[in-house]
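As structure tokens, the structure follows; a few thoughts come after it.
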Amino acid sequence: MNKNLIYPLLIVIGSSSYGILSTIIKIAMNHSFETKEVVTSQYFIGFLLAFILLIITQRSLPKLNGKDFLVIMLSGLLTGNTGIVYGQAVHYLPASLAVVMLFQFTWIGLFLDCIIHHRHPTRIELFSLVFLVAGTILATGILDVDLTGLDWRGWVFGLASALSFACFIQFNSRPVSGITTIGRMTMMSFFAMLVVCTFQKPDIIMSGKLFESELLYFGLTLGFFGIILPILLFTISIPKVGGGLASILSATELPVAIITSIIVLHEKLTILQVGGILFVLAGMILPILLQKDRQGN
Numbered sequence: 002m003n004k005n006l007i008y009p010l011l012i013v014i015g016s017s018s019y020g021i022l023s024t025i026i027k028i029a030m031n032h033s034f035e036t037k038e039v040v041t042s043q044y045f046i047g048f049l050l051a052f053i054l055l056i057i058t059q060r061s062l063p064k065l066n067g068k069d070f071l072v073i074m075l076s077g078l079l080t081g082n083t084g085i086v087y088g089q090a091v092h093y094l095p096a097s098l099a100v101v102m103l104f105q106f107t108w109i110g111l112f113l114d115c116i117i118h119h120r121h122p123t124r125i126e127l128f129s130l131v132f133l134v135a136g137t138i139l140a141t142g143i144l145d146v147d148l149t150g151l152d153w154r155g156w157v158f159g160l161a162s163a164l165s166f167a168c169f170i171q172f173n174s175r176p177v178s179g180i181t182t183i184g185r186m187t188m189m190s191f192f193a194m195l196v197v198c199t200f201q202k203p204d205i206i207m208s209g210k211l212f213e214s215e216l217l218y219f220g221l222t223l224g225f226f227g228i229i230l231p232i233l234l235f236t237i238s239i240p241k242v243g244g245g246l247a248s249i250l251s252a253t254e255l256p257v258a259i260i261t262s263i264i265v266l267h268e269k270l271t272i273l274q275v276g277g278i279l280f281v282l283a284g285m286i287l288p289i290l291l292q293k294d295r296q297g298n
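Here the sequence shown is numbered in our numbering, starting from 2 and rising by one per residue.
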């Protein structure tokens with residue numbers, strides 16, 4: 002495979018793993034577990050899995066300077082914070098609208114990248130955003146949602162989740178020396194766990210409920226697909242691709258989330274949603290193909 006396509010593909014796979022999380026959480030809720038309990042199990046088990054990988058693969062602790070440590074810490078804190086505020090957005094808004102708010106990270110992330118690197122967005126990036134925004138609106142079925150009477154807190158939390166995830170992508174795009182990929186992932190998952198356990202349901206750990214019920218199996222699944230796999234792949238690929246393109250490619254999460262809910266939860270799929278998914282995919286693929294053509298020339 003062309004090396005120029007490997008790193009974008011890793012981002013697509015990592016964001017796709019995020020896409021199945023909502024379906025797994027809904028299944029856990031059908032087993033009488035609270036959302037906060039499920040989210041806490043995801044981040045706690047995810048950190049344990051990362052720590053086990055670290056022990057197996059490394060025998061010494063990484064040596065970091067203050068700046069690199071700060072980058073990793075903030076990446077982890079933003080990961081956990083995104084999960085918390087998005088959960089609050091889902092609480093106050095219809096699920097379809099909460100997803101739309103979260104996916105504002107595509108344009109927020111692009112413009113953050115432009116501000117940080119003192120550049121203007123390219124025509125390709127702007128054209129892709131048009132496809133992504135239009136596709137998101139169609140794919141989530143927001144056109145059928147009554148927006149009157151919605152709690153203003155839902156809009157705030159939804160926009161906060163988008164900003165938080167966009168900032169995570171930007172911090173994770175910064176290369177860090179003196180630490181392995183697994184070491185970086187472990188540190189990020191540790192700080193993410195601290196945030197989540199502080200504000201969600203830490204009592205499931207202290208009471209033993211996490212290890213004495215089916216919640217453990219949900220935690221293992223969510224920990225792998227929501228912590229280990231995406232953070233590992235993002236840590237490898239985002240510094241190579243850059244925050245702007247990474248924000249666009251991460252939109253894979255949306256069509257995967259919709260398709261998974263249809264297959265597993267038997268939710269209905271409309272023609273408009275199919276068109277929206279195709280728009281999102283077009284918006285993701287377009288910059289990769291054009292970038293490849295330019296490099297080929």
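The beta-carbon is built from N, C-alpha and C at its ideal position, and this holds for glycine as well.
Point to revise | N- and C-terminal bounds of the alpha helix (DSSP H) containing H92 | key: It spans G67 to Y93 - the alpha helix (DSSP H) in which H92 sits, taken as one unbroken run.
Check your understanding: Is the stretch 97-111 in contact with the stretch 158-165, if contact means three or more CB pairs nearer than 8 Å?
Key -> Here the stretch 97-111 makes contact with the stretch 158-165; the two share three or more CB pairs at distances below 8 Å.
Check your understanding: So L216 packs on S42, CB below 8 Å; how close in whole Å?
Key -> With a contact defined as Cβ atoms closer than 8 Å, L216 and S42 qualify at about 5 Å.
Point to revise | Chain-order list of residues whose beta-carbon lies under 7 Å from that of F200 (same chain, five-residue window excluded) | key: Apart from the 5 residues on each side of it in sequence, F200 sits with its Cβ closer than 7 Å to the Cβ of I85 in its chain, given in chain order.
Point to revise | Simplified DSSP assignment, three categories, for S178 | key: In the structure shown, S178 sits in coil (DSSP, three-state: anything other than H, G, I, E or B).
Review point. Should D114 go down as buried or exposed, given a rule of 16 or more other Cβ atoms within 10 Å for buried?
Key: Taking a 10 Å sphere around the C-beta of D114, we find 16 or more other C-beta atoms and assign the residue as buried.
Check your understanding: When you compare only the Cα positions, how much space is there between T36 and Q89?
Key -> T36 and Q89: Cα-Cα distance of roughly 10 Å.
Check your understanding: Between S262 and I170, is the Cβ-Cβ spacing less than 8 Å?
Key -> Judged by beta-carbon spacing, I170 lies beyond the 8 Å limit of S262, meaning their Cβ atoms are not closer than that value.
**Study point:** S214 in three-state terms, based on DSSP
**Key:** Looking at S214 - three-state DSSP - the assignment turns out to be coil, as it is neither helix nor strand.
Point to revise | 6 Å Cβ shell around I278 - same chain, five flanking residues per side excluded | key: Counting only Cβ-Cβ distances below 6 Å, and skipping sequence neighbours, we find A140 and P256.
Point to revise | Candidates I286, L223 and A247: closest to I28 by CA position | key: Of the listed residues, the one whose Cα sits closest to I28 is L223.
Review point. Span of the alpha helix (DSSP H) holding L130?
Key: In the DSSP annotation of this structure, the continuous segment of the alpha helix (DSSP H) that includes L130 starts and ends at R124 to A140.
Review point. Since Y93 and R154 are thought to touch, with beta carbons under 8 Å apart, how far apart are those beta carbons, to the nearest angstrom?
Key: Confirmed, Cβ separation roughly 5 Å.
Exercise for review: Hey, could you find the ends of the alpha helix (DSSP H) F158 is sitting in?
Suggested key: In the DSSP annotation of this structure, the continuous segment of the alpha helix (DSSP H) that includes F158 starts and ends at W153 to N173.
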